[in-house]
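These notes are about the structure you will find just below.
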Amino acid sequence: MELSIKMASVEEILPWRDLYRQEMNCQIVCDALDSRKGWTQPYLLVAGAAIAGFGSVAVGGPWQGKSTVFAFYVLPQYRSRVFDLFSALLTASGATMIEAQTNDSLLSVMLHTFTHNIASESILFHDKLTTTHSPPGAIFRRATPDDAVQILSHDLDSGAKWAVEFEGTIAAAGDILFHYNRPYGDIYMKVAEPFQRRGLGAYLVQELKRIGYESGNVPAARCNPMRAHSDRFSFALNLGDHTSVPAGAPAGRQRTQCNPIRDSVAHAHFTEGDVSRA
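Heads up: the sequence shown begins at 48 in the working numbering, then just goes up one per residue.
Shown next as structure tokens:
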């Protein structure tokens, strides 16, 4: 069966993109890229006269000058040719990098087949736990305009809609962003340095999770592997299962930079227990 790659528009790949999202059934970090005009170049994967799937390459925004495959989906009946299809996609697109989530079974395999020197970029958490943290003296509430001075003085995010007040002082702030595929929401937060290691971060994440569920969404979170241990612990303590950016198993995301033929550097996510390999 002859395989070919056809340059396409975002609209043309939508039926296969929907199937990809259904199969993933999780937070997809790069989900919004195709909606940003000029940022991506989608492709249809063709087997004979039939559409076998799609691939999408980031070419604009932060990826300008380093074309990166970030989405790849093949219909089940064509997966015996998945390596040939991916190789053809690399050739047609000229992509030199790959960005993947480790719970993306197809693209993760392509990542480890076509690249090396994979390195971690971030850790992605998804909810597995219900907690009941209640630090003495801490109150979770909406941030108000009157809190602005304290929020700025503690180097917290001025756009955060929620805060933790500790003994009358704003000690932490955070919110939920919806820049990924709904219903998944991305929790972000920060605890002011004088108030760290008191359980306030874990408490804030717990309450933001509650707000997320009450609004009909599914909370998740992401942080850099180099971020302070206390922040990672706050996410892990409340969200449980996590993935990180080495290589790995089903639960997170990997970012991969590579030259599929020559040198490569990959950024990836791994699940708890995985070992980063470079």
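Note that beta-carbon positions come from the ideal geometry of N, C-alpha and C, so glycine has one too.
No experiment lies behind these values; they were computed from the predicted model shown.
Asked                                                                                                     : Found
Whole-number beta carbon distance between Leu-203 and Lys-237, since they are thought to touch under 8 Å  : 5 Å
Simplified DSSP state of Thr-160, which is helix, strand or coil                                          : helix
Straight-line gap, Leu-61 to Pro-241 (C-alpha atoms, nearest Å)                                           : 49 Å
Given 8 Å, three or more beta-carbon pairs between the segment 51-58 and the segment 82-93                : yes
Own chain, CB closer than 8 Å to Ser-205, minus 5 neighbours either side, in chain order                  : Ala-195, Ile-198 and Leu-199
Member of Ala-239, Glu-261 and Ala-218 whose CA lies at the smallest distance from the CA of Pro-230      : Glu-261
Buried or exposed by the 16-neighbour rule on C-beta atoms within 10 Å, applied to Asp-151                : buried
Residue closest to Phe-172, alpha-carbon to alpha-carbon, out of His-163, Glu-146, Gly-263 and Asp-233    : Asp-233
Under 8 Å between C-beta atoms of Val-328 and Ala-142                                                     : Missing from the structure shown is residue 328; the chain here goes from 48 to 325 and no further.
Terminal residues of the alpha helix (DSSP H) in which Phe-187 lies                                       : Note, Phe-187: premise wrong, no alpha helix (DSSP H); beta strand (DSSP E) at 185-189.
Inter-residue Cα distance where the pair is Glu-70 and Asp-222                                            : 28 Å
Through-space distance from Ser-167 to Pro-272, alpha-carbon basis                                        : 7 Å
C-beta atoms of Ala-99 and Val-116 nearer than 8 Å                                                        : no
Three-way DSSP call (helix, strand, coil) for Met-48 in this model                                        : coil
DSSP beta-bridge partners of Thr-87                                                                       : Ala-105
Coarse secondary structure for Arg-309, derived from DSSP in three states                                 : Only weak support exists for where Arg-309 lies, its pLDDT of 30 falling under 50; the value from the coordinates is given anyway. Three-state DSSP puts Arg-309 in coil, outside helix and strand.
Classification of Met-48 by the beta-carbon crowding that lies within 10 angstroms, buried from 16 upward : exposed
Contact check, Phe-119 vs Leu-153, beta carbons under 8 Å                                                 : yes
Exposure label - Arg-244; buried when at least 16 CB within 10 Å                                          : exposed
Buried versus exposed, by CB contacts within 10 Å (16 or more), Glu-254                                   : buried
Close beta carbons around Lys-113, own chain, < 6 Å, minus the five adjacent residues each side           : Met-144
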